[in-house]
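Sequence order for the protein chains is B and L.
Sequential numbering of the first sequence, starting at 709, is according to our numbering.
Sequential numbering of the second sequence, starting at 650, is according to our numbering.
Heads up, the beta-carbon is just placed ideally off N, CA and C, and yes, glycines get one too.
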Amino acid sequence: MNTEYVTNEFRMSSQPSRRRLLTTAGVTLLLIAVTTLGGCERMPTMTSGETMRLLTAIRTACSARSSEHLEEVRQKVEDARQDQRLSDTEYEKLIEIIAIASAGEWEAAEQACFRFQKANSG
Amino acid sequence: MPSLFLEKQKSNLLRRHGRRGFTLVELLVVIAIIGVMVGLLLPAVQAAREASRRMQCSNQLKQQILAMHNYHDTLGSLPSAYISDSFHPNRDPATFDGPSGWGWSALLLPYIEGNALHDNLRFDLPCWAPENAAMVTTRLPVYLCPSATMSDSPVIVRDGSRAELATFGRSTYVGNAGHEEPWGSAITDWRPVPGVNGPMIRNGRVKLRDVIDGLSNTVFLGEHHPLLSDKTWVGIIPGAEVCTNSPQRFPFTECESAATYMLVHSGPAAAEGFVVHPPNAPEAHVCQMYASHPGGCNVAFGDGSVRFIGEYVQAQVWAALSSMNGGEVVGEY
């Protein structure tokens with residue numbers, strides 16, 4: 709009788725603590741997942757070497773801080789798009805990087821080029 | 650009486666064993682703790698090992714650049730990137746590369762304690778001559794960075810149709826030809842070509858006084874990992890071609906002509922659309938510097954210093970460092 713009482717009491721007290729433990733573990737895992745995956749930037753997959761070459765050209769233009777050179781590369785991107793040598797996602801990403809550079813954020817654009825290239829290379 | 654004693658002993662033993670044994674949970678906790686500790690320690694150990702390998706690479710580059718200075722002191726000029734009789738009847742019509750093909754690292758042998766090998770090589774014959782075949786496969790540790798995996802095997806030199814031409818000893822170091830890549834053109838002399846402004850060019854014999862940008866601002870040598878492509882200490886064979894060793898990893902890498910067995914350039918170059926490719930550039934040209942060290946590549950400058958250049962180096966800065974007479978103001982790197 710006495711033993712049963714103790715066991716029941718234990719069960720009653722352990723139920724909320726177990727739930728709390730599970731909730732804490734769940735929240736922790738979620739936080740880890742969010743913070744880890746939050747740092748991952750999803751990059752488009754390159755379908756040809758054209759994108760790689762254009763990115764190197766953008767990187768060079770950014771490094772030279774040359775709006776003229778950047779404009780030339782933008783034209784090359786448009787041409788490649790018209791000739792269907794770039795996919796939609798590749799084209800959008802390239803234009804996004806060119807826009808960053810055009811806004812005067814040369815270094816940020818150069819780094820974005822590098823990240824995009826690195827994500828599609830060894 | 651004895652059986653009673655034995656029984657007592659047995660029960661004592663059992664009790665003792667029962668007290669001292671680990672439960673499954675305890676065992677699992679211990680294993681988990683050991684696992685976590687190994688997991689924390691292993692990357693640190695690997696990083697320390699890589700740091701020591703990187704240091705050995707930089708030391709090897711140091712030996713090579715000092716050997717270049719000794720060569721210059723003795724012979725009055727830097728070694729040519731490679732020796733080529735570009736008017737030879739058997740020259741490669743596409744590049745005008747001809748015999749003898751011996752490269753800068755073979756010419757440096759007497760200055761890096763490679764006298765014995767140097768004396769056994771027939772420099773009066775092409776480097777691919779059968780008389781040299783046994784010696785040119787020699788493995789020279791001074792030209793092999795320990796960080797570069799795959800560096801134990803010799804290089805099989807192939808032509809454009811991937812047919813074998815010769816087997817040469819491997820190197821993981823390359824010379825800097827400057828901005829332009831003249832090796833794809835049918836010209837006898839590279840020097841008048843605009844952008845051919847590096848210290849290491851075909852038949853170059855550049856003097857230190859020609860390096861007017863300053864020896865501390867001009868890259869002479871650097872690393873190249875066999876993962877990207879093969880390089881050799883021996884020289885070049887006219888008509889040979891360098892392709893990537895990892896087409897799956899570098900799917901957009903194009904093959905280049907024979908000179909890139911010894912040489913790289915930085916860009917901007919006309920044939921590449923005037924882009925610059927710094928060390929470890931992800932576009933992965935076989936004619937660029939490329940190392941497996943995390944974050945960059947060791948590079949030897951004309952003043953004898955060896956510095957680590959990060960892969961994030963600005964393209965313009967890298968181009969400025971690659972030319973010996975461009976007059977550029979070199980920014981921070």
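| Query | Result |
| --- | --- |
| Tell me, to the nearest whole angstrom, how far the beta carbon of Gly809 (chain L) is from that of Pro775 (chain L); I am working on the premise that it is less than 8 Å. | 19 Å between Cβ atoms; not a contact. |
| I need the DSSP call for Glu977 (chain L), collapsed to helix, strand or coil. | coil |
| Take Ser878 (chain L) as the anchor and find which of L:Leu857, L:Ala919 and L:Arg807 has the nearest alpha-carbon. | L:Arg807 |
| Helix or strand or just coil, what does DSSP make of Asp786 (chain L)? | First, the residue type needs correcting, since residue 786 (chain L) is Thr and not Asp in the sequence shown. Here Thr786 (chain L) sits in coil by DSSP. |
| With a threshold of 9 Å between beta-carbons, can His942 (chain L) be considered close to chain B, or not? | no |
| Between which two residues does the alpha helix (DSSP H) containing Ile732 (chain L) stretch? | Unbroken run through Ile732 (chain L) is the beta strand (DSSP E), Tyr731 to Ser733; no alpha helix (DSSP H). |
| Taking only beta carbons into account, state which residues of the stretch 754–780 of chain B come closer than 7 Å to chain L, listed in chain order. | Gly757, Met760, Arg761, Thr764, Ala765, Arg767, Thr768, Ser771 and Ala772 |
| Of all the options L:Ser726, L:Asn708, L:Gly684 and L:Leu970, which has the alpha carbon lying nearest to the alpha carbon of Gly863 (chain L)? | L:Leu970 |
| State the CB to CB distance for the pair Val948 (chain L) and Gly871 (chain L), rounded to an integer number of angstroms; the pair is presumed to be in contact (CB under 8 Å). | 5 Å |
| Are three or more beta carbon pairs between the stretch 791–800 of chain L and the stretch 699–709 of chain L nearer than 8 Å? | yes |
| For Asn828 (chain B), which three-state DSSP category applies? | coil |
| Which residues does DSSP pair with Ile805 (chain L) in a beta bridge? | L:Thr816 |
| Taking just the CA atoms, how far does Leu715 (chain L) sit from Pro728 (chain L)? | 12 Å |
| Does any residue of chain B have a CB that is nearer than 9 Å to the CB of Ala696 (chain L)? | no |
| Kindly list, in the order they appear in chain L, the residues whose Cβ is closer than 7 Å to that of Ser810 (chain B). | Going along chain L, no residue has its Cβ under 7 Å from Ser810 (chain B), so there is no contact; the nearest lies around 18 Å. |
| I'd like to know whether the C-beta atoms of Glu921 (chain L) and Ser906 (chain L) end up nearer to each other than 9 Å. | no |
| Below 8 Å CB to CB, which residues in the same chain sit around Asp734 (chain L) once its five sequence neighbours on both sides are set aside? | Arg740, Gly747, Pro748 and Ser749 |
| Can you find a C-beta in chain B that's less than 9 Å from the C-beta of Met650 (chain L)? | Confidence at Met650 (chain L) is low in this model, with a pLDDT of 49, below 50, so its placement is unreliable and the value that follows should be read with caution. By this cut-off, Met650 (chain L) is not an interface position. |
| Just tell me which of L:Thr893, L:Arg956 and L:Thr744 has its CA closest to the CA of Asp838 (chain L). | L:Thr744 |
| Identify the continuous alpha helix (DSSP H) that holds Glu762 (chain L) and give its terminal residues. | Element bounds for Glu762 (chain L): n/a, residue is neither H nor E. |
| With a 10 Å radius around its C-beta and 16 neighbouring C-beta atoms as the bar for buried, classify Arg858 (chain L) as buried or exposed. | exposed |
| Tell me whether Gln713 (chain L) is buried or exposed, calling it buried when 16 or more other Cβ atoms sit within 10 Å of its Cβ. | buried |
| Are at least three pairs of beta-carbons, each pair with one atom in the stretch 927–943 of chain L and one in the stretch 778–788 of chain B, less than 8 Å apart? | no |
| Using beta-carbon positions only, say whether Val823 (chain L) and Met717 (chain L) come within less than 9 Å of one another. | no |
| What are the boundary residues of the alpha helix (DSSP H) that includes Arg789 (chain B)? | Ser775 to Gln790 |
| For a contact meaning CB atoms closer than 8 Å, what does Gln792 (chain B) contact in chain L? | What Gln792 (chain B) touches in chain L: nothing, since even the nearest Cβ is about 18 Å away. |
| If you compare alpha carbons, which of L:Arg702, L:Pro759 and L:Gly884 is closest to Ala778 (chain L)? | L:Gly884 |
| Which residues in the same chain as Arg956 (chain L) place their Cβ atom closer than 7 Å to its Cβ, once the five residues preceding and following it in sequence are excluded? | Val948 and Phe950 |
| By the criterion of Cβ-Cβ separation under 7 Å, what are the contact partners of Gln965 (chain L) in chain B? | Ser771 and Ala772 |
| Should Phe901 (chain L) be labelled buried (16 or more other beta-carbon atoms within 10 Å of its own) or exposed? | buried |
| In chain B, what lies closer than 8 Å to Ala797 (chain L) by C-beta? | By Cβ distance, chain B contributes nothing, its closest Cβ being about 14 Å from Ala797 (chain L), past 8 Å. |
| If you draw a straight line from the C-alpha of Gln695 (chain L) to the C-alpha of Gly688 (chain L), how long is it? | 11 Å |
| What is the C-beta distance between Val855 (chain L) and Gly827 (chain L), in whole angstroms, given that I count them as a contact (C-beta under 8 Å)? | At roughly 10 Å, the Cβ-Cβ gap does not stay under 8 Å, so Val855 (chain L) and Gly827 (chain L) are not in contact. |
| Examine chain L for any beta-carbon lying closer than 9 Å to the beta-carbon of Ser786 (chain B), and answer yes or no. | Residue identity check: residue 786 (chain B) is Glu in the sequence provided, not Ser. Chain L, which has no Cβ nearer than 9 Å to the Cβ of Glu786 (chain B), makes this no. |
| Among all the DSSP beta bridges, which residues are the ones paired with Phe736 (chain L)? | Answer by DSSP bridge pairing: none, since Phe736 (chain L) is not bridged. |
| How would you list, in chain order, the residues of chain B whose beta-carbon sits under 9 Å from the beta-carbon of Tyr982 (chain L)? | None at all; the shortest Cβ gap to chain B is about 11 Å. |
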